[in-house]
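For reference, the structure discussed in these notes is given below.
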Amino acid sequence: MLSINWSDVWKMVESIKVPLIVIGVALALAIIVSLAVFKMGKPARKLTRSTAWVAALIAVVVAVVSMMYGGFKTVLDLAAGTGALTDASKAQVEDLGNDISDEGMVLLKNQGGALPLAKGSAINVWGWGSTNPIYGGTGSGSLSKDNPTTTLLDGLHNAGFTTNDELTNLYTSYRAERPEVGMFKADWSLPEPTQDKYSDDLLSNATAFGDTAVVTIARSGGEGFDLPRDVNQEMADNPYFSYTNNSEDYTDFEDGQGYLELTRPEKDMIELAKKTSTKTIVVINAANVFQLGDLQDDPEIDAIVWAIPGGQVGFNALGRILDGEVNPSAKTPDTFPRVIKAGPAANNFGDFQYTNMTEFAQDDPFNKGTQTQPSFVNYNDSIYVGYRWYETAAAEGVIDYGNEVVYPFGYGLSYTTFSQSMSDISVDEATGTMSADVTVTNTGQVAGKDIVQIYDNPPYTDGGIEKASANLLSYEKTKLLEPGESQTLTVTWNRDSLASYDSVNTKAYVLEAGDYKISARTNSHDVIDEKAYTVDATQTFNAADNTHDGDKVVATNQFDDAKGDVTYLSRAGRFANLAEATAAPTNFEMSEANKAKFLATSNYDAAAADADSSATMPTTGAKNGLVLGDLAGLDYDDPKWDQLLDQLTVKEMNTLISKGGYGSPAISSIGKLRVSDVDGPASLNNNFTGVGSIGLPSAVSVAATFNKELARSFGDAIGTMAHDMQVSGWYAPATNTHRYAYAGRNFEYFSEDPVLAGKQVAEEIKGAQAKGVYAFLKHFALNDQETNRTHMLATWTNEQAMREIYLRSFEIGVKDGGAHAIMSAFNYIGPEYAGANSALLNNVLRDEWGFRGMILTDYFAGYGYQNADQITRNGGDLMLATIDMPISTVNVQDAAGVTALRGASHNILYTVANSWMYENGQPEVTRNAWEYITWAVAGILILSLLGLELVAIRRYRARKAEAVITVEPNASIDEAGSETVEE
């Protein structure tokens with residue numbers, strides 16, 4: 017039986033009541049005037065018919081214009097008010113893009129000093145990817161096409177290299193463009209020419225052209241899907257992916273092969289390159305970790321460069337690195353395993369559907385005719401993510417490190433050598449700040465930069481609190497050191513960083529007694545120097561005067577409901593439960609206990625949820641005479657905020673929270689401007705105007721620099737471009753965890769390590785917010801895979817892993833970076849949507865970390881679980897909605913509902929008031945030009961309607977007065993009356 021929610025229908029009607037009134041007036045005028053004409057007699061029949069048609073046409077036009085104003089005002093606002101970059105901004109950003117890529121491409125192998133090459137060398141550039149390189153990623157994080165792009169070949173040519181055009185022509189003629197398939201665009205087929213496409217003449221000419229081969233291997237990634245671990249199977253199963261070459265389905269991948277492995281055509285191409293050259297260099301152009309064990313072990317592969325996507329100018333760095341103009345200084349922000357699919361997360365990543373949750377099935381809004389059901393992912397690996405697993409497993413004798421790891425975290429080569437010596441550890445007992453002085457000396461023959469990495473190895477009790485044997489504490493990068501030059505860096509960290517979270521017993525952070533080994537390392541595995549720091553007595557951070565790392569209130573368990581029925585990897589008994597914990601899921605039913613807590617829109621009851629609320633109805637619609645500019649720069653708790661909030665009506669608050677797609681709406685009664693927020697993470701993109709900024713290198717590249725100053729400059733450049741483009745908010749930086757290499761969105765996240773990610777993120781936020789641009793730190797939290805992200809994806813993990821790994825980079829971004837905006841995640845945390853999870857958004861983010869600002873949902877399309885009632889009552893503020901939807905407003909307007917609306921409005925207004933739009937106080941509130949045009953057009957059309965009717969009436973009367981109608985004796989009255997009057 018069809019059920020109609022009349023409340024929703026009325027909400028929809030009310031939202032367009034202004035255009036409905038305009039339509040009604042226009043139609044009424046048309047009908048009244050037409051009837052008046054019709055009553056003047058049958059001779060006016062033709063006139064009546066023609067004027068009625070004109071009236072109807074004009075009424076329709078007025079209706080369309082009015083509907084655009086009412087129903088689509090949000091969308092039209094999005095397409096307005098975006099400016100263009102100045103030449104000065106372009107120059108600044110292009111220079112920065114080059115600088116980041118210079119320090120963000122990693123030299124992984126350099127056998128026998130194969131690199132650098134002689135300047136101006138002739139190079140055979142192999143690989144289809146050399147003509148279609150990867151600059152960034154797809155989806156919302158893609159780069160704008162507004163600005164020119166430096167290609168991979170451009171980068172080599174700009175450095176003075178000459179390249180073999182015959183090889184290049186082979187690839188461009190084989191396939192000129194990368195196919196685009198699916199909503200967010202993806203092609204996994206890798207159309208690399210097969211061995212038979214390389215003629216004998218071409219190979220002979222390559223040998224004659226030059227003795228150096230540069231082989232390009234390119235891999236893409238993007239929003240909306242993860243990379244296929246079995247390419248052929250997943251492409252066959254997923255309707256979003258397809259592959260075609262001359263109408264014949266094909267793929268370069270062998271059965272069972274993953275996207276991050278070399279294909280047979282690529283292996284054959286490398287063999288051809290080796291045979292025609294004396295020096296072979298492989299360039300891996302990708303943001304995701306790649307499987308490189310065979311190439312590292314191959315003595316005929318002389319060098320490997322990880323050319324992390326560098327945005328629109330970054331490939332200049334490749335040429336400069338290959339010829340030695342730039343000495344590489346980047347380090348890997350992720351571990352490169354020998355077999356990616358053998359990692360502890362491998363079996364618990366991807367598509368797992370519940371079989372007992374059919375009552376929550378929903379229509380897929382982007383794939384009509386299909387339904388989705390709740391799904392899940394188990395974070396079975398606990399805290400043992402990335403290098404923490406490999407280092408700890410090796411320390412326990414569970415794995416042979418050399419056979420498991422090709423390149424450790426923090427690994428990267430240089431064209432020179434360095435030595436490092438570390439001082440004793442210093443501790444400031446008053447502040448808890450710990451530090452070590454590390455002296456770095458360039459012991460080689462060319463200038464270069466080095467990175468100091470400080471790790472701790474905490475004391476571990478078998479069966480006690482889980483601890484990894486290596487944990488990055490801090491890092492610093494040297495200036496450019498000339499041969500023989502030294503620099504002493506003081507590296508600092510907080511003593512609290514040594515603590516571990518005990519989610520089982522004390523349910524608090526604990527700094528256990530014992531010896532902590534503090535080491536300077538060249539990477540996560542290789543120790544340079546080590547000092548011991550002894551904690552005499554165990555400290556538990558469980559009191560108001562004894563909080564952890566500056567927390568405003570004591571951090572204690574908030575996510576017991578997210579633990580689920582999962583066996584988590586444990587170090588106990590030398591990882592005795594390894595096989596059980598890392599096995600693929602066998603149970604596809606949510607337990608009845610967890611199912612009882614599971615919330616979606618279909619079973620969420622706002623009125624019942626607030627039945628025991630003690631909230632009192634707040635004041636609304638007061639006349640206090642304040643405007644938003646009066647509060648710019650004031651503290652969040654300043655009493656004036658209550659006075660301003662009292663002025664808002666419930667309707668205005670609902671408008672403010674519900675129309676948050678790519679900006680926030682104007683509220684004229686309080687002088688609130690309509691402001692624009694745009695997509696990132698490596699640029700600023702207005703998805704509605706198509707206007708975009710210059711694309712900077714990917715987040716992975718920024719992480720690989722290990723350079724905080726460059727990260728700060730990145731944020732500063734975003735701020736500069738935002739001013740040019742009249743933008744207030746930036747949907748970035750994104751700091752989810754590289755839990756697994758096959759995650760599709762790893763290109764816009766920083767690292768597997770939360771300290772590296774968090775510190776780089778904090779600097780980007782500082783740079784942007786120094787220019788008055790609020791950065792939306794995203795996606796909060798545990799959005800570490802794309803598969804099923806909008807399908808009620810229940811993410812199960814334990815609290816220790818959440819706090820030490822998955823929330824840690826966000827925490828640093830808030831505490832150190834001072835973030836004023838957060839974008840929540842699509843997924844669930846246990847049985848509850850992350851964007852409406854009060855424990856996450858209120859208890860941890862606001863209460864513990866002291867966050868002040870607004871929380872925006874990820875794209876708001878309902879999806880069966882997004883609704884403003886639940887979101888605002890649990891800490892969310894703004895719906896990223898681009899069209900009017902009843903569920904994007906708070907519909908249960910009891911005292912608790914309106915109080916939640918008021919709190920959300922406070923958070924939004926506080927953030928906007930502290931943006932650059934209000935840096936000089938209250939700006940003039942103006943409407944967008946399209947609004948004036950809309951009403952002008954509507955007015956002109958209505959006046960035209962009246963004018964046409966008046967002209968027609970006057971002409972009719974004039975003709976009637978002049979006409980002499982003669983009726984023949986045998987003619988009927990009807991025949992005489994049907995004579996027409998020419999207009």
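Take any residue in the sequence shown, count from 1 to its spot, add 16: that is its number in this note's numbering.
C-beta atoms are modelled at their ideal positions from N, C-alpha and C, and glycine is treated no differently.
*Closest Cα partner of residue 889 within the set 286, 385 and 631*: Position 873 of the sequence shown, counting from 1, holds the residue named residue 889. With distances taken between Cα atoms, residue 889 lies closest to 631.
*Tell me where the beta strand (DSSP E) around residue 298 begins and ends.*
Locating residue 298 in the sequence shown gives position 282, counting from the first residue. Residues 295-301.
*Would you kindly report the start and end of the unbroken alpha helix (DSSP H) that includes residue 184?*
Residue mapping note: residue 184 aligns to position 168 of the sequence shown, counting from 1. Start and end: 181-190.
*So what does DSSP say about residue 415, is it helix, strand or coil?*
The count along the sequence shown starts at 1 and reaches residue 415 at position 399. In this structure, residue 415 counts as coil in the three-state DSSP scheme.
_With the cut-off set at 9 Å, would you say residue 439 and residue 416 are in Cβ contact?_
As a first step, residue 439 must be located in the sequence shown, where it is residue number 423. As a first step, residue 416 must be located in the sequence shown, where it is residue number 400. No, the Cβ-Cβ distance between residue 439 and residue 416 is not below 9 Å.
*Inter-residue CB distance, residue 448 and residue 396 (contact presumed, cutoff 8 Å)*: For the purposes of this step, residue 448 is identified with residue 432 of the sequence shown, where counting begins at 1. For the purposes of this step, residue 396 is identified with residue 380 of the sequence shown, where counting begins at 1. So it is not a contact: roughly 34 Å between Cβ atoms.
*Residue nearest to residue 608 in terms of C-alpha spacing, selected from 373, 845, 173 and 822*: Start at 1 with the first residue of the sequence shown, and residue 608 comes out as number 592. Among 373, 845, 173 and 822, the Cα nearest to that of residue 608 belongs to 373.
*Would you kindly check if the distance between the Cβ of residue 302 and the Cβ of residue 236 is under 9 Å?*
Your numbering for residue 236 matches position 220 in the sequence shown. Your numbering for residue 302 matches position 286 in the sequence shown. Taking 9 Å as the Cβ cut-off, residue 236 and residue 302 qualify as a contacting pair.
*Would you report the Cα separation of residue 143 and residue 220, rounded to the nearest angstrom?*
The residue labelled residue 143 in the question sits at position 127 within the sequence shown. The residue labelled residue 220 in the question sits at position 204 within the sequence shown. Cα-Cα distance, rounded: 17 Å.
_residue 525 versus residue 590 - alpha carbon distance_ = By 1-based counting over the sequence shown, the position of residue 525 is 509. By 1-based counting over the sequence shown, the position of residue 590 is 574. The straight-line gap from Cα to Cα measures roughly 23 Å.
*If you drop the 5 nearest sequence neighbours on each side, which residues of the same chain put their C-beta closer than 6 Å to that of residue 208?*
Stepping through the sequence shown from its first residue, residue 208 is reached at position 192. For residue 208, where only same-chain residues beyond five positions count, the Cβ hits under 6 Å are 144, 268, 281 and 282.
*Leaving out the 5 sequence neighbours to the left and right, which residues in its chain are closer than 6 Å to residue 911 when beta-carbon positions are compared?*
Counted from its first residue, the sequence shown places residue 911 at position 895. Closer than 6 Å at Cβ, skipping near neighbours: 631, 632 and 633.
*Are the beta-carbon atoms of residue 147 and residue 167 separated by less than 9 Å?*
In the sequence shown, residue 147 corresponds to position 131, counting from 1. In the sequence shown, residue 167 corresponds to position 151, counting from 1. It is a contact, given that the beta carbons lie within the stated cut-off.
*If you drop the 5 nearest sequence neighbours on each side, which residues of the same chain put their C-beta closer than 7 Å to that of residue 272?*
Residue 272 sits at position 256 when you count from the first residue of the sequence shown. Closer than 7 Å at the Cβ level, and outside the excluded window around residue 272, lie 246.
*Cβ atoms of residue 451 and residue 543: under 9 Å apart, would you say?*
Working through the sequence shown from its first residue, we reach residue 543 at position 527. Working through the sequence shown from its first residue, we reach residue 451 at position 435. Using a Cβ distance threshold of 9 Å, residue 543 and residue 451 do not count as a contacting pair.
*Express the C-alpha separation of residue 915 and residue 641 in angstroms, rounding to a whole number.*
On the sequence shown, position 625 is the one that residue 641 refers to. On the sequence shown, position 899 is the one that residue 915 refers to. Cα to Cα, the separation comes out at about 21 Å.
_Closest residue to residue 124 among 753, 318, 249 and 549 (Cα-Cα distance)_ = Reading the sequence shown from its first residue, position 108 is the one you call residue 124. Of 753, 318, 249 and 549, the residue nearest in Cα terms is 318.
*Give the range of the beta strand (DSSP E) segment to which residue 313 is assigned.*
The residue you call residue 313 lines up with position 297 of the sequence shown. No beta strand (DSSP E) holds residue 313; the alpha helix (DSSP H) holding it covers 309-313.
*From which residue to which residue does the alpha helix (DSSP H) around residue 595 run?*
Along the sequence shown, one-based indexing puts residue 595 at 579. 594-598 is the span of the alpha helix (DSSP H), which, as asked, contains residue 595.
*Quick one: give me the first and last residue of the alpha helix (DSSP H) that residue 591 is part of.*
Residue mapping note: residue 591 aligns to position 575 of the sequence shown, counting from 1. Counting along the chain, the alpha helix (DSSP H) containing residue 591 begins and ends at 588-591.
*Going by DSSP, what residues sit across from residue 810 in a beta bridge?*
Residue numbering aside, residue 810 sits at position 794 when the sequence shown is read from its first letter. Paired residues: 392 and 844.
*asked:* Please list the terminal residues of the continuous alpha helix (DSSP H) segment that includes residue 657.
replied: The residue labelled residue 657 in the question sits at position 641 within the sequence shown. Its alpha helix (DSSP H) spans residues 656-663.
*Inter-stretch contact at 8 Å, needing at least 3 Cβ pairs: the region 358-365 / the region 781-797*: The answer is no - the region 781-797 does not touch the region 358-365, with fewer than three Cβ pairs under 8 Å.
_What does the alpha-carbon distance come out to for the pair residue 618 and residue 844?_
The residue you call residue 618 lines up with position 602 of the sequence shown. The residue you call residue 844 lines up with position 828 of the sequence shown. So the two alpha carbons sit approximately 16 Å from each other.
*Name the residue from 576, 649 and 558 whose alpha carbon lies nearest to the alpha carbon of residue 570.*
In the sequence shown, residue 570 corresponds to position 554, counting from 1. For residue 570, the nearest C-alpha among the options comes from 558.
*Name the two residues that bound the continuous beta strand (DSSP E) containing residue 114.*
Position 98 of the sequence shown, counted from the first residue, corresponds to residue 114. Residue 114 -> not in any beta strand (DSSP E); alpha helix (DSSP H) instead, spanning 103-118.
*residue 664 and residue 657: beta carbons closer than 9 Å?*
As a position in the sequence shown, residue 664 is number 648, starting the count at 1. As a position in the sequence shown, residue 657 is number 641, starting the count at 1. Going by C-beta atoms, residue 664 is not nearer than 9 Å to residue 657.
*Below 7 Å CB to CB, which residues in the same chain sit around residue 723 once its five sequence neighbours on both sides are set aside?*
Indexing the sequence shown from 1 puts residue 723 at position 707. 119 and 493, listed in sequence order.
_Would residue 334 and residue 171 qualify as a contact pair, given that the criterion is a beta-carbon distance under 9 Å?_
Locating residue 334 in the sequence shown gives position 318, where the first residue counts as 1. Locating residue 171 in the sequence shown gives position 155, where the first residue counts as 1. Cβ distance < 9 Å, so residue 334 and residue 171 count as in contact.
*asked:* So for residue 269, helix, strand or coil by DSSP?
replied: Numbered from its first residue, the sequence shown carries residue 269 at position 253. DSSP places residue 269 in coil when its eight states are reduced to three.
*If we ignore side chains and look at the alpha-carbon of each, how far apart do residue 909 and residue 917 end up?*
On the sequence shown, residue 909 is found 893 positions in, with the first residue counted as 1. On the sequence shown, residue 917 is found 901 positions in, with the first residue counted as 1. Distance between the alpha carbons of residue 909 and residue 917 is about 9 Å.
*Could you tell me which of 295, 614, 173 and 366 sits nearest to residue 14, measuring between CA atoms?*
As displayed, the chain neither begins before 17 nor continues past 999, which places residue 14 out of reach and without an answer.
*Could you pull out every residue in the same chain whose Cβ sits closer than 8 Å to the Cβ of residue 284, ignoring the five residues on either side in sequence?*
For the purposes of this step, residue 284 is taken as the residue at position 268 of the sequence shown. Contacts found: 210 and 211.
*asked:* Is the beta carbon of residue 311 closer than 9 Å to that of residue 337?
replied: As a working mapping, residue 337 is identified with position 321 in the sequence shown. As a working mapping, residue 311 is identified with position 295 in the sequence shown. No, the pair does not count as a contact, with Cβ atoms beyond the cut-off.
*Just grab the DSSP bridge partners of residue 492 for me.*
If you number the sequence shown from 1, residue 492 lands on position 476. 468.
_6 Å CB neighbourhood of residue 919 in its chain, flanking five on each side removed_ = As a first step, residue 919 must be located in the sequence shown, where it is residue number 903. Closer than 6 Å at Cβ, skipping near neighbours: no residue.
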